[in-house]
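Peer 1: Heads up: the sequence lines are chains A and B, in that order.
Using the numbering used here, read the first sequence as starting at 1225 and increasing by one per residue.
Using the numbering used here, read the second sequence as starting at 1225 and increasing by one per residue.
We put the CB at the ideal spot given by N, CA and C, even for glycine.
Keep in mind the model is a prediction, meaning the values are calculated, not measured.
Input: one structure, supplied below.
Number of protein chains: 2
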Amino acid sequence: MHEEDAGLRARLIEVGVELVTREGTQALSLREIARRAGVSHGAPRRYFPTHLELLSAIAREGFAALGAEVARALGDGRADPRAQLTTLGRAYLGFALANRGMYELMFRHDLLESNHLGLREASLPLFHVVTDLLTRAGLRPGVDPRIAAGVLWANAHGIAQLWAWGSLQLTTGSAELEPLLRATLEAHLGPEPR
Amino acid sequence: MHEEDAGLRARLIEVGVELVTREGTQALSLREIARRAGVSHGAPRRYFPTHLELLSAIAREGFAALGAEVARALGDGRADPRAQLTTLGRAYLGFALANRGMYELMFRHDLLESNHLGLREASLPLFHVVTDLLTRAGLRPGVDPRIAAGVLWANAHGIAQLWAWGSLQLTTGSAELEPLLRATLEAHLGPEPR
DNA sequence: CCGTGGCGTAGACACCGTCTACTCGGCACT
DNA sequence: AGTGCCGAGTAGACGGTGTCTACGCCACGG
């Protein structure tokens, strides 16, 4: 009962999302997606002139899912900013590690049509949430909140990346990434108040 | 006069390094490397049973270059730890942005034979330099220096990655990454003393 | 002098992304 | 009712890729 006729365009994206989350980026060949969608290899071309555009559409779905996940985790946003940032960080890293294939795709700029109207921009609302929480949590005076937010985001991104690569387990010796998250937030927000 | 006969194995790596730094990861097809080395497409197979192993050898060269660059920047290591960390950060980001193709390759785990005996491990000495500098620069009590170093490295890595992707320019509005580096170090080392 | 082994060649195979010619079915219009 | 058209998907070709295998070739040792 899988949306048995939702139009080929949507169907291709759906198949692609499932494929990338289950088998990774390598499996996302144009022909394989077409095969799994039950159409010939030339069919996708009607809706996506190029392979990259199809992958971009799939990645966009990923950004939407990440946004939804974060929004769900944040809830009504009544908790204090620091707690919310912790939650956000956990949700972000959780998403990245639970959906490695999709997360990798989302940042593989060589696979994406970066001008496909908003893909880098798709991460922008999430970014604004961070700047907002960060200013509300308190910044050192004279610090541009956008810079601070960029650095914090980069930190989370780097952790996700290096963790997926195995380097962080190798170097830190830890099998958990919670301490890394805690250390990150303490660095950017100052020591935990009590 | 380009090492006109240094054995095919070394020659392939040399060609690959030049190719990836000049034209990026996409250009690193096995056949193209063979072509530029002036041999048939089957020749590399004698030295590198698979494409991934050749790419791994090229990436290893990248890690060596990064290590050399950092060592050169650090000099005799007599400056105070904080200044050295700044220098290290600048050198790291400088390398990543000056050699985008190579840097991308170095962390594209899908292109590398990660068990090619030490490739993730190739980043280990660099990592130890960071832990060392970090402990000498002073840590909050009760913080595992390996965790702190991992987080700091992840931050630099994330900045390099997101910057190359264009996201950080988009979000922070800055065309320079020096402020990002400064903010990073202030976050992880505390405010600049004066 | 002959064999033997390392080194590189050349062609096959399956797969990939793109392009193009084609078919087929429904719809509008005369 | 007949006809033209147009969207949607098919099928095959083309050049490219990584891998595998069979084959030359040359130098060196017996």
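#1: Sort B:S1280, B:N1339, B:L1386 by Cα distance to B:R1233 and report the nearest one.
#2: Just checking, does the region 1339-1357 of chain B make contact with the region 1342-1361 of chain A on the three C-beta pairs under 8 Å criterion?
#3: Decide if B:T1274 is buried, meaning its Cβ has at least 16 other Cβ atoms within 10 Å, or exposed.
#4: In chain B, which residues lie less than 9 Å from A:D1334 when you measure between Cβ atoms?
#5: For the region 1357-1393 of chain A, which segments carrying the alpha helix (DSSP H) assignment without a break, of at least 4 residues, lie completely within its bounds, in sequence order?
#6: Quick one: Cα of B:E1293 to Cα of A:V1263, how far?
#7: Excluding the 5 residues preceding and the 5 following A:M1225 in the sequence, name in chain order all residues of the same chain whose CB lies nearer than 7 Å to its CB.
#8: Under 8 Å, do B:Q1385 and A:G1382 count as touching if we go by C-beta distance?
#9: So what does DSSP say about A:M1225, is it helix, strand or coil?
#10: What span of residues does the alpha helix (DSSP H) with A:Y1327 cover, start to end?
#11: Using the beta-carbon count (16 or more within 10 Å), is A:E1227 buried or exposed?
#12: Going by alpha carbons, who is nearest to B:F1287 out of B:R1270, B:F1331, B:G1390?
#13: Along the region 1268-1290 of chain A, what residues have a CB closer than 9 Å to any CB found in chain B?
#14: Smallest Cα separation from A:D1368: which of B:T1310, B:E1410, B:D1334?
#15: Judging by CA-CA distance, which residue of B:A1261, B:L1336, B:R1270, B:D1304 is the nearest neighbour of B:T1249?
Peer 2: To lay it out plainly:
#1: Residue mapping note: residue 1233 of chain B aligns to position 9 of the second sequence, counting from 1. Of the candidates B:S1280, B:N1339, B:L1386, the one whose C-alpha sits nearest the C-alpha of B:R1233 is B:S1280.
#2: no
#3: Stepping through the second sequence from its first residue, residue 1274 of chain B is reached at position 50. Exposed.
#4: For the purposes of this step, residue 1334 of chain A is taken as the residue at position 110 of the first sequence. By Cβ distance, chain B contributes G1248, T1249, Q1250, E1328.
#5: 1369-1389
#6: Residue numbering aside, residue 1293 of chain B sits at position 69 when the second sequence is read from its first letter. Residue numbering aside, residue 1263 of chain A sits at position 39 when the first sequence is read from its first letter. Each residue's Cα considered, the two are about 52 Å apart.
#7: On the first sequence, position 1 is the one that residue 1225 of chain A refers to. In this predicted model, A:M1225 has a pLDDT of only 47, less than 50, meaning its place in the structure is not dependable; the value taken from the coordinates is given anyway. So the list is empty, once near-sequence residues are dropped.
#8: Numbered from 1 along the second sequence, position 161 holds the residue referred to as residue 1385 of chain B. Numbered from 1 along the first sequence, position 158 holds the residue referred to as residue 1382 of chain A. In contact: B:Q1385 and A:G1382 (Cβ atoms closer than 8 Å).
#9: Taking the first sequence and counting its residues from 1, the one referred to as residue 1225 of chain A is at position 1. Because A:M1225 sits at a pLDDT of 47, beneath the cut-off of 50, its placement in the model cannot be relied upon, and the following sentence gives the value as read from the coordinates. Here A:M1225 sits in coil by DSSP.
#10: Counted from its first residue, the first sequence places residue 1327 of chain A at position 103. Element bounds for A:Y1327: 1324-1330.
#11: Within the first sequence, the letter at position 3 stands for residue 1227 of chain A. For A:E1227, the pLDDT reaches just 49, beneath the cut-off of 50, and the residue's location in the model is therefore unreliable, although a value from the coordinates is still provided. Exposed: under 16 other Cβ atoms inside 10 Å.
#12: Numbered from its first residue, the second sequence carries residue 1287 of chain B at position 63. Taking only the C-alpha atoms, the option nearest B:F1287 is B:F1331.
#13: none
#14: To locate residue 1368 of chain A, count along the first sequence from 1; it is residue 144. The shortest Cα separation from A:D1368 among B:T1310, B:E1410, B:D1334 belongs to B:E1410.
#15: For the purposes of this step, residue 1249 of chain B is taken as residue 25 along the second sequence, with counting starting at 1. B:T1249 has its Cα closest to that of B:L1336, out of B:A1261, B:L1336, B:R1270, B:D1304.
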